[in-house]
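Undergrad: This is the structure, below, for whatever I ask next.
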C-alpha cells in the first residue's frame, strides 16, 4: 500500500517562514525585493487559509498538521483534474475519428447474477461498474466492501477516481477510454472461453477508508475493464 508522500519538513517550513510582514525595513537597498516577499507571503498564507476552510471533514485528522493535510489534498485535486482533462481530451479525439461503441445492455439484476458466478469462486475478486458520464460507482458486487475493508455505503455513489491513489488516476483513465475497451458481452456467456484480444489489465491502488485522513492505506488490485450499458429493470431506455 502507498499513500501520498508528505512534503519534507524543510520544504514545509520554508513555505511558511520565508519572510514576515513584521521584518525590519531593509537597509541594503533591496526594499523592493523585501516588499515583493511580503506580498508573496500574504498571498501564500491567504491561499493556505482558504485551503484549510475547504478541506473535507474526513481529511481533518487529530495529531496531524492541518496545513500539511490541506497541501496534500490540494495536490491530489490537481492530479485528478489533470487526469480528467487528459481523459476527456482523449475521448473527444477518438470521437472525431468516428469511434463507434458496441455497448450491450444489462439490468443491474443481470449484472449481479453474472458476476456472482465469478466472485463466489474467487473470494479476492469483486465487480464494480463506473459511469462514463459521472465517474461515480453505480454498482459494486456484494463482496466488494469486504475485499476493500469498508462499509458498502462508502463505495456506492462515490467518485471512483477518489478511491484511487493519486499516482494511479491517470493510469486508470488512459486504460479506460471507451474506444479501447472490449464489449463485456463478447467475453462472457459462451460455452468456450472467448479470446478477447482487446482485453487488457492494469494495476491500481485502491482505498475506500476515509477515517484516517491523510494517512490513507491503499491496496493493489488488478483491474480488467469492459464496456456495457446498465439500465434499471423497469426502464425502457439504458
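In UniProt numbering, the protein residues as written are 1 to 238. In this text, a Cβ means the ideal position worked out from N, Cα and C, and glycines have one as well. These numbers come from a predicted model, not from an experiment.
1. Helix, strand or coil for residue 172 per DSSP?
2. Using a Cβ-Cβ cut-off of 7 angstroms (strictly less than) and excluding sequence neighbours within five positions of residue 156, which residues of its own chain qualify?
3. How big is the Cα-Cα spacing for residue 150 and residue 113?
4. Helix, strand or coil for residue 149 per DSSP?
5. So, with DSSP's three-state summary, where would you put residue 227?
6. In the DSSP assignment, find the unbroken alpha helix (DSSP H) run with residue 205 in it and report its ends.
7. Measure the alpha-carbon distance for residue 240 versus residue 200 and round it to whole angstroms.
8. The beta strand (DSSP E) that contains residue 159, what's its start and end?
9. Do you know how far the Cα of residue 55 is from the Cα of residue 47?
10. Express the C-alpha separation of residue 75 and residue 66 in angstroms, rounding to a whole number.
11. Could you give the DSSP three-state label for residue 132: helix, strand or coil?
12. Which class does residue 54 belong to by DSSP, given the choice of helix, strand or coil?
13. Using only alpha-carbon positions, find the residue among 33, 144, 206 that is nearest to residue 259.
14. Hey, quick one: how far does the alpha helix (DSSP H) through residue 118 stretch, first residue to last?
15. Short check: CB of residue 107 to CB of residue 229, under 8 angstroms?
16. Classify residue 178 as helix, strand or coil using the three-state DSSP reduction.
17. Measure the C-alpha to C-alpha separation of residue 239 and residue 78 and round it to an integer number of angstroms.
18. Measuring straight from C-alpha to C-alpha, what distance separates residue 160 and residue 33?
19. According to the neighbour-count rule (16 or more other Cβ atoms, all chains shown, within 10 Å of its Cβ), is residue 217 buried or exposed?
20. Taking DSSP's pairing of strands, which residues face residue 243 in a bridge?
TA: This is what the structure holds:
1. Position 172 of the chain shown, counted from the first residue, corresponds to residue 172. Three-state DSSP puts residue 172 in a helix.
2. Against the chain shown, residue 156 aligns to sequence position 156. Same-chain partners within the cutoff: 137, 140.
3. The residue you call residue 150 lines up with position 150 of the chain shown. The residue you call residue 113 lines up with position 113 of the chain shown. Linking residue 150 to residue 113 through their CA atoms gives a straight-line distance of about 23 angstroms.
4. Taking the chain shown and counting its residues from 1, one reaches residue 149 at position 149. Looking at residue 149 - three-state DSSP - the assignment turns out to be coil, as it is neither helix nor strand.
5. The residue you call residue 227 lines up with position 227 of the chain shown. Three-state DSSP puts residue 227 in a strand.
6. Stepping through the chain shown from its first residue, residue 205 is reached at position 205. Per DSSP, residue 205 is not a residue of any alpha helix (DSSP H); the beta strand (DSSP E) it occupies stretches across 202-206.
7. Residue 240 is absent from the structure shown; the chain starts at 1 and stops at 238.
8. Position 159 of the chain shown, counted from the first residue, corresponds to residue 159. From DSSP, residue 159 is part of no beta strand (DSSP E); its letter is neither H nor E.
9. Here residue 47 refers to the residue found at position 47 when the chain shown is read from its first residue. Here residue 55 refers to the residue found at position 55 when the chain shown is read from its first residue. Roughly 12 angstroms separates the two Cα atoms.
10. Here residue 66 refers to the residue found at position 66 of the chain shown. Here residue 75 refers to the residue found at position 75 of the chain shown. Their Cα atoms are separated by approximately 14 angstroms.
11. For the purposes of this step, residue 132 is taken as the residue at position 132 of the chain shown. It is coil, neither helix nor strand.
12. Taking the chain shown and counting its residues from 1, one reaches residue 54 at position 54. If DSSP states are grouped into helix, strand and coil, residue 54 belongs with the helices.
13. The requested residue 259 does not occur in the structure, where the chain is confined to residues 1 to 238.
14. Translated into the one-based positions of the chain shown, residue 118 becomes position 118. 108-119 is the extent of the alpha helix (DSSP H) around residue 118.
15. The residue labelled residue 107 in the question sits at position 107 within the chain shown. The residue labelled residue 229 in the question sits at position 229 within the chain shown. Cβ atoms of residue 107 and residue 229: not closer than 8 angstroms.
16. Start at 1 with the first residue of the chain shown, and residue 178 comes out as number 178. It is helical.
17. Only positions 1 to 238 of the chain appear in the structure, and residue 239 is not among them; the question remains open.
18. Residue mapping note: residue 160 aligns to position 160 of the chain shown, counting from 1. Residue mapping note: residue 33 aligns to position 33 of the chain shown, counting from 1. Going by the C-alpha atoms only, they are around 46 angstroms apart.
19. Counting from one through the chain shown, the residue named residue 217 turns up at place 217. Exposed: under 16 other Cβ atoms inside 10 Å.
20. Past the edges of the chain, shown from 1 to 238, lies residue 243, and the structure says nothing about it.
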